[in-house]
Structures are given as structure tokens and as C-alpha cells.
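K.L.:
Provided herewith is a single structure, encoded as C-alpha cells, for subsequent inquiry.
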Amino acid sequence: MLRHRRFAATAAALTLGAVATAVFGFVAPASAHVTVNPREATQGGYGRLAFRVPNESDTASTTKLEIFLPENAPVGSVSTMPVPGWSVAVEKRQVDPPVQVHGSEITEVVSKITWTAGDGAAIAPGTFQEFPVSMGPLPETDQMVFKALQTYSDGAVVRWIDEPQPGGEEPVAPAPVLTLTAASAADTPTEAPADSPAGAQSDDSDDEDGNGLAVGLGVAGLLAGLGGLVLGGLAFARTRRSSGTAATPAP
1 MLRHRRFAAT AAALTLGAVA TAVFGFVAPA SAHVTVNPRE ATQGGYGRLA
51 FRVPNESDTA STTKLEIFLP ENAPVGSVST MPVPGWSVAV EKRQVDPPVQ
101 VHGSEITEVV SKITWTAGDG AAIAPGTFQE FPVSMGPLPE TDQMVFKALQ
151 TYSDGAVVRW IDEPQPGGEE PVAPAPVLTL TAASAADTPT EAPADSPAGA
201 QSDDSDDEDG NGLAVGLGVA GLLAGLGGLV LGGLAFARTR RSSGTAATPA
251 P
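For the record, in the sequence shown the residue sitting at position 191 is 191 according to my numbering, with numbers rising by one throughout.
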């Protein structure tokens, strides 16, 4: 019954929170909510994100998840990973100016992703499910706010749509937020390519070193061969002298 009480408390908090916001200008934080993981990524890069959905009801299961991509931060490439038992539908919208992706202009971007559970695949009480998405290039903005709607089998819909307020407390129904950081120098290659002047100079130096090493090894081999010939000649001469001495009769 604890999860049921938390679910009921969350639903009540959403209603009371709206009244409190209108009257007093504040809301209380929720106990659990839809999140995006990881919660931080790099601007201009590609990210593999997962929307994590906990089930807060003790009697109902989550049957549908709707994720809205932020209108002020369009992304040119968005793809979903199949989730067993769940179907996925993607909605798109037109953007102007177009989004640049690898030198191409994209005029249509994903605006909404909806996952719907099939038979026996709903998120049961006390469990959670992740919905992976790959997207990029990530926009050059401080954050992306993904508003989410979570639908239960009893018809209840929890709207995780509240945006974070700078310096304020977490809202009752916070939307998943992805923080974006600027790319650092470590994210860009520092070595000169092979066809650059620096790369060509490095290749010439390597060739010279290799040629010098080959010449040195050749001279060393030649000296070793001459030394072997000299030693072999001396040994042969000693053998001949020893043979001549043994053949001479004694007086």
C-alpha cells in the first residue's frame, strides 16, 4: 500500500501544487518522476539517452509514455531502440532555419515520441522501464527539457512538464532535463594529419632515420663478414702448417 499512497500523494500534490502555485507561488517536490539518463551530454555530439519511467501506482500499470522534444532546441537525427513488447510512433515538425547535420540541411525534425505497451508489457507496480533514444548533433544550448506524459491502465495521466526554475526548488512534476556542456579541447584531435606540412615533415624524418639505420646495419654486417673471413683464413693456415710438420720424418 506504500506505493499506492505515494501515487495518490503525487496526484494530490499535482492538484494542490497547482493551487499553491497560483495562490502562494510555490510547490512541493515530487517523490519520483520520469528522468533522462545520463543527465549530462556534450554540445555538438551524439548522445545515447534513456528515459527512465518508474511506476508509482500500487494497482495500475503504465501503458504509455509520450516524450516531447523541445521546440527551442531541434535535433537533426533522432532514432529509437526497440523495447520488447512496446510499439513506438514518431511525429515530426518543420523547422526554419534548417538544422545542419554533416553539411546537409534538415528541414523536418522529430517533435514527439510515443511508446505504447502491448499485451503483458506494461510497467507493473513496483517496477520501472527504460526507453533508449540516440540523438544528435546536440544543440549549443545549456539544457534540453523533455516534457513527458505518463498514462496508467486506470486512465490516470501524470504530466511531467514543469520546467526547472533557476535558484528554485524542484517542482511537483518536473520534466526530464538534459544538461549540455560546451565541447572541450580534449574533444578535438590535436595531432596533425598525414597530409599536413607537419605530417609530411614527420614522415621525411622517419624515412631518414630508417635509411641511416639500414646503412649502419649493412656496414656492421660487412665488418662481421670480413672478420669471419680473416679468422677462417688464419685457422686454415694453422691447420696446413700442423699437417706439414706431422708428415716430415724425424732425423
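Ideal Cβ placement from N, Cα and C applies to all residues, glycine included. Only a predicted model underlies this, so the values are computations on that prediction, with no experimental measurement involved.
Are Glu91 and Ser111 touching if we call contact CB-CB under 9 Å?
P.N.:
Yes. Within cutoff.
K.L.:
Tell me Asn37's beta-bridge partners as DSSP assigns them.
P.N.:
Asn37 pairs with Ala50.
K.L.:
Does DSSP classify Ser161 as helix, strand or coil?
P.N.:
Sequence check: residue 161 is Ile here, not Ser. In this structure, Ile161 counts as coil in the three-state DSSP scheme.
K.L.:
Grab me the residues of Ala50's own chain with a C-beta within less than 8 Å of its C-beta, minus the 5 sequence neighbours each way, in chain order.
P.N.:
Around Ala50: Val36, Asn37, Glu130, Phe131, Pro132 and Val133.
K.L.:
Starting from Ala148, follow the beta strand (DSSP E) in both directions and report where the run begins and ends.
P.N.:
Looking at the DSSP string, the run of the beta strand (DSSP E) that includes Ala148 is Lys147 to Tyr152.
K.L.:
Using the Cα positions of Gln165 and Ser57, report the straight-line distance between them to the nearest angstrom.
P.N.:
Approximately 28 Å, taken between the alpha carbons.
K.L.:
For Glu163, which residues from the same chain have a beta carbon less than 7 Å from its beta carbon, with the 5 sequence-adjacent residues on both sides left out?
P.N.:
Only Val145 and Ala175 meet the Cβ criterion.
K.L.:
I need the DSSP call for Glu105, collapsed to helix, strand or coil.
P.N.:
It is a strand residue.
K.L.:
What are the residues that DSSP puts in a beta bridge with Met144?
P.N.:
Bridge partners of Met144: Leu178.
K.L.:
Distance check for Leu178 and Val172, CA to CA, integer angstroms please.
P.N.:
Rounded to whole angstroms, Val172 to Leu178 spans 18 Å at the Cα level.
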